[in-house]
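Protein chains in written order, with our numbering: chain A, 1475 to 1743; chain B, 5 to 177. Note that beta-carbon positions come from the ideal geometry of N, C-alpha and C, so glycine has one too.
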Amino acid sequence: MTRFLIATGLSLVLAAPAFAGVPVQQDQLTVSGRFEVPKASGAPLKSGLTLTDVQVDPAVLAALGGKPALMKASVQHSMEASLRNFDYLGEATATPVTVVVQPLDLTKDKDSTTAVVRIAFKAAGDTDAARCVPANAEASFKALRPVHTSAANGERAAGVIAMIAFAAVGYNAGQLMSGQFASATAQDRAFNATRVVGKGEGVALSGKDADILQFAVMHATQLAMADFIRQLGTSPCAQPVPAPAPVAQPVVATSQATPVTTNPVAPVS
Amino acid sequence: MLRKLAAVAALLVLAACATVPPNPLTATSRQAMYVKDVQTAWNLEAKGNPKPKTDEEKAKLEENNGKLDARLKAAVTDAFATSPAGSEPVTFKINIKQANPGFLGSVTADVSVIRISDGAELGVYKGVMGADTSGANGGLLGIAIAAAMKPDSIGIMSNNFATALRARFDAVK
Chain A
1475 MTRFLIATGL SLVLAAPAFA GVPVQQDQLT VSGRFEVPKA SGAPLKSGLT
1525 LTDVQVDPAV LAALGGKPAL MKASVQHSME ASLRNFDYLG EATATPVTVV
1575 VQPLDLTKDK DSTTAVVRIA FKAAGDTDAA RCVPANAEAS FKALRPVHTS
1625 AANGERAAGV IAMIAFAAVG YNAGQLMSGQ FASATAQDRA FNATRVVGKG
1675 EGVALSGKDA DILQFAVMHA TQLAMADFIR QLGTSPCAQP VPAPAPVAQP
1725 VVATSQATPV TTNPVAPVS
Chain B
5 MLRKLAAVAA LLVLAACATV PPNPLTATSR QAMYVKDVQT AWNLEAKGNP
55 KPKTDEEKAK LEENNGKLDA RLKAAVTDAF ATSPAGSEPV TFKINIKQAN
105 PGFLGSVTAD VSVIRISDGA ELGVYKGVMG ADTSGANGGL LGIAIAAAMK
155 PDSIGIMSNN FATALRARFD AVK
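Put into structure tokens, the structure is as follows:
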């Protein structure tokens, strides 16, 4: 009986890390090339901005997990990496921009959490680049509670039973159980990936409320940054400055306004 | 069965003294990319792969290889879904050299990282291996119990492969 109790306790301890929430990583917040937003086309924005100060609302930091100071640095680094990916980040002499990630708007129900993240930007100085920086960016993301499939639940149960059975005969089956749990998680994720979701929605990786909130805030923050970069790329400043027309010639409209193509932000996988 | 046991035993023994090959990509080039596509190519070597004797065995092997193909792509895609987060799109091409899908099975492949913009091969992670070692640390009895539990071996070896590839990709040197 003692063996069975120890085995059950051991299996619960080993299972715990599989569900423990982990802080969001910098790459998860970075706007990568997966997002179909335009790159900087030229002066004054190309390599024209630098982030000098990034303030993040404490509730946003708490939702993203980890130590607030480290997460704040992670948010700043991800924003710099995002600007670098689209050729907006410049040297220290570029136009300084301060960033404030404002308090969250959250809407929750039993199957989802929707986060709205608003970011305010303020460029210093009276440069061309400073006048081109949009003041606000905003995005909403709805995180859906994942569905656990019966097949995956069976795998998890089998893993726990195997762990107990092994321990009862004196063997450590932690490897088998962790393999089963990873496989069950992969099965669930594969199934949830096939769910039809709307734009700005996604299925969270775990069903814990904190993890669903983290998933919503993480994607909303990333999408808000993508919105900022999209605004930079579609602003009048992003268009090449036309060469001045020769004085002696009559002014003729030689170019037609390019139709504005909205590049929708790619759905988050 | 004995062959499989010997293979797993050898795998565990060799794993202990294995050295990790150097990372073919620099940290800078890794950070600059993102994985846009994962593809597989089957170029099985003559040695080390199952040779079905009957049509039934052949059909089963083909079915399992098909499952392995899909699970490998899904596992690797998942492992690189959000990271790296650069701006250069790349394809991971999994060149499968050895595959023995099933209980205590394993898969070995070379993974080429190909820059999509010009098709250049940036580097190759050679001999990446994923294995299902369910119950192997419990000796013969462990393997017997694991076999009775009918684990999702193809899923486990695919996830193990993706984990190994991720570790090789993240290695500092």
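The alpha helix (DSSP H) with Q1499 of chain A in it runs from where to where?
Numbered from its first residue, the first sequence carries residue 1499 of chain A at position 25. Run containing Q1499 of chain A: none; DSSP gives neither H nor E here.
Can you give the Cα-Cα distance for N69 of chain B and P105 of chain B, rounded to whole angstroms?
Translated into positions along the second sequence, residue 69 of chain B becomes position 65. Translated into positions along the second sequence, residue 105 of chain B becomes position 101. Rounded to whole angstroms, N69 of chain B and P105 of chain B show a C-alpha spacing of 6 Å.
Against chain A: residues of the segment 156 to 167 of chain B by CB proximity under 7 Å:
When CB distances to chain A are screened at a threshold of 7 Å, the residues of the segment 156 to 167 of chain B falling below it are D156, G159, I160 and N163, in chain order.
How about G123 of chain B: is its C-beta nearer than 8 Å to some C-beta of chain A?
Position 119 of the second sequence, counted from the start, is the residue given in the question as residue 123 of chain B. It does not; no Cβ of chain A falls within 8 Å.
At a cut of 8 Å, does the segment 1637 to 1648 of chain A reach the segment 1594 to 1614 of chain A through at least three beta carbon pairs?
Contact fails between the segment 1637 to 1648 of chain A and the segment 1594 to 1614 of chain A, because fewer than three Cβ pairs, one in each stretch, are under 8 Å apart.
Please report the distance separating the alpha-carbon of G109 of chain B from that of G52 of chain B.
Within the second sequence, residue 109 of chain B is the residue found at index 105, counting from 1. Within the second sequence, residue 52 of chain B is the residue found at index 48, counting from 1. Distance from the CA atom of G109 of chain B to the CA atom of G52 of chain B, rounded to whole angstroms, is 11 Å.
Please state whether the Cβ-Cβ distance between I1593 of chain A and V1575 of chain A is less than 8 Å.
By one-based count along the first sequence, residue 1593 of chain A stands at place 119. By one-based count along the first sequence, residue 1575 of chain A stands at place 101. In contact: I1593 of chain A and V1575 of chain A (Cβ atoms closer than 8 Å).
Quick check: the Cα distance between F1702 of chain A and K64 of chain B, rounded to an integer number of angstroms?
Working through the first sequence from its first residue, we reach residue 1702 of chain A at position 228. Working through the second sequence from its first residue, we reach residue 64 of chain B at position 60. Each residue's alpha carbon lies about 52 Å from the other.
Within the segment 1594 to 1619 of chain A, ranges of the beta strand (DSSP E) (whole runs, at least 3 residues)
List check, beta strand (DSSP E) in window: 1610 to 1618.
So the candidates are A:R1619, A:T1524, A:A1537 and A:S1614; which of them puts its Cα closest to the Cα of G1681 of chain A?
The residue labelled residue 1681 of chain A in the question sits at position 207 within the first sequence. When each option's Cα is compared against that of G1681 of chain A, the closest is A:R1619.
Out of A:A1660, A:Q1529, A:R1630 and A:D1662, state which residue places its alpha-carbon closest to the alpha-carbon of G1648 of chain A.
As a working mapping, residue 1648 of chain A is identified with position 174 in the first sequence. Closest by alpha carbon: A:R1630.
Through-space distance from L1503 of chain A to S121 of chain B, alpha-carbon basis
Translated into positions along the second sequence, residue 121 of chain B becomes position 117. Translated into positions along the first sequence, residue 1503 of chain A becomes position 29. S121 of chain B and L1503 of chain A: Cα-Cα distance of roughly 25 Å.
Taking C-beta to C-beta, are D82 of chain B and A166 of chain B nearer than 8 Å?
In the second sequence, counting from the first residue as 1, residue 82 of chain B sits at position 78. In the second sequence, counting from the first residue as 1, residue 166 of chain B sits at position 162. Result yes, Cβ atoms of D82 of chain B and A166 of chain B sit closer than 8 Å.
Is Y129 of chain B close to chain C? Criterion is C-beta to C-beta, closer than 8 Å.
No chain C is present in this structure, whose protein chains are A and B.
Where I158 of chain B and A135 of chain B are concerned, what is the direct C-alpha to C-alpha distance, given to the nearest angstrom?
Within the second sequence, residue 158 of chain B is the residue found at index 154, counting from 1. Within the second sequence, residue 135 of chain B is the residue found at index 131, counting from 1. If I take the Cα positions, the gap works out to 9 Å.
CA nearest to the CA of G1564 of chain A, picked from A:Q1499, A:A1517 and A:V1621:
Position 90 of the first sequence, counted from the start, is the residue given in the question as residue 1564 of chain A. Ranking the options by Cα distance to G1564 of chain A, first place goes to A:A1517.
Element boundaries [alpha helix (DSSP H), containing N69 of chain B]
By 1-based counting over the second sequence, the position of residue 69 of chain B is 65. In the DSSP assignment, N69 of chain B falls within the alpha helix (DSSP H) that extends over D59 to A83.
Quick test of the definition: if touching needs 3 or more C-beta pairs under 8 Å, does the segment 34 to 42 of chain B touch the segment 86 to 98 of chain B?
Counting Cβ pairs under 8 Å, three or more are found: they touch.
8 Å is my cut-off, CB to CB: does G79 of chain B come that close to chain A?
For the purposes of this step, residue 79 of chain B is identified with residue 75 of the second sequence, where counting begins at 1. Note that residue 79 of chain B is Ala in the sequence shown here, rather than Gly. Yes, contact with chain A.
Can you tell me whether T1567 of chain A is helix, strand or coil according to DSSP?
Reading the first sequence from its first residue, position 93 is the one you call residue 1567 of chain A. Reduced to three states, the DSSP call for T1567 of chain A is coil.
Spatially closest choice to L1525 of chain A from A:K1541, A:V1534 and A:A1566, by CA coordinates
Within the first sequence, the letter at position 51 stands for residue 1525 of chain A. Looking at the Cα atoms, A:A1566 is the closest of the given residues.
If you measure between the beta carbons of K1795 of chain A and T1588 of chain A, is that distance less than 8 Å?
Only positions 1475 to 1743 of chain A appear in this structure, which leaves residue 1795 of chain A out of reach.
Can you tell me whether F1509 of chain A is helix, strand or coil according to DSSP?
Start at 1 with the first residue of the first sequence, and residue 1509 of chain A comes out as number 35. The answer is coil: DSSP assigns F1509 of chain A none of H, G, I, E or B.
What are the boundary residues of the alpha helix (DSSP H) that E1675 of chain A is part of?
The sequence position of residue 1675 of chain A within the first sequence is 201, counting from 1. The continuous stretches of alpha helix (DSSP H) do not include E1675 of chain A, which lies in the beta strand (DSSP E) extending over residues E1675 to V1677.
Neighbour flag for A113 of chain B against chain A, beta carbons, 8 Å:
Taking the first residue of the second sequence as 1, we reach residue 113 of chain B at position 109. Put simply, the CB of A113 of chain B is far from chain A, with every gap to its CB atoms at 8 Å or more.
For T1614 of chain A versus A1694 of chain A, is the C-beta distance shorter than 8 Å?
To locate residue 1614 of chain A, count along the first sequence from 1; it is residue 140. To locate residue 1694 of chain A, count along the first sequence from 1; it is residue 220. For the sequence presented, residue 1614 of chain A should be read as Ser rather than Thr. Yes, the Cβ-Cβ distance between S1614 of chain A and A1694 of chain A is below 8 Å.
Alpha-carbon to alpha-carbon, G1674 of chain A and Q1550 of chain A
One-based indexing of the first sequence puts residue 1550 of chain A at position 76. One-based indexing of the first sequence puts residue 1674 of chain A at position 200. Cα to Cα, the separation comes out at about 23 Å.
Please compile the residues from chain A whose C-beta is within a distance smaller than 8 Å of the C-beta of D82 of chain B.
For the purposes of this step, residue 82 of chain B is taken as residue 78 along the second sequence, with counting starting at 1. Within 8 Å Cβ-Cβ: A1660 and R1663.
8 Å is my cut-off, CB to CB: does A175 of chain B come that close to chain A?
Residue mapping note: residue 175 of chain B aligns to position 171 of the second sequence, counting from 1. So, not an interface residue.
Looking only at C-alpha atoms, which of B:S162, B:G90 and B:E125 sits nearest to R34 of chain B?
Working through the second sequence from its first residue, we reach residue 34 of chain B at position 30. Out of B:S162, B:G90 and B:E125, B:G90 has the C-alpha closest to the C-alpha of R34 of chain B.
Express the C-alpha separation of T44 of chain B and G1540 of chain A in angstroms, rounding to a whole number.
For the purposes of this step, residue 1540 of chain A is taken as residue 66 along the first sequence, with counting starting at 1. For the purposes of this step, residue 44 of chain B is taken as residue 40 along the second sequence, with counting starting at 1. Rounded to whole angstroms, G1540 of chain A to T44 of chain B spans 37 Å at the Cα level.
Coarse secondary structure for T1659 of chain A, derived from DSSP in three states
Taking the first residue of the first sequence as position 1, residue 1659 of chain A is located at position 185. Judged by DSSP in its simplified three-state form, T1659 of chain A adopts helix.
Please report whether the beta-carbon of T137 of chain B lies at a distance below 8 Å from any beta-carbon of chain A.
By one-based count along the second sequence, residue 137 of chain B stands at place 133. Interface residue, yes.
Counting C-beta neighbours from all protein chains within 10 Å, is the total for Q1529 of chain A 16 or more, i.e. buried, or is it exposed?
As a position in the first sequence, residue 1529 of chain A is number 55, starting the count at 1. Q1529 of chain A is classed as exposed because its beta carbon has fewer than 16 other beta carbons within 10 Å across all chains shown.
Close-in-space but distant-in-sequence residues of the same chain around L1580 of chain A (CB under 6 Å, 5 per side omitted)
In the first sequence, residue 1580 of chain A corresponds to position 106, counting from 1. A1589, listed in sequence order.
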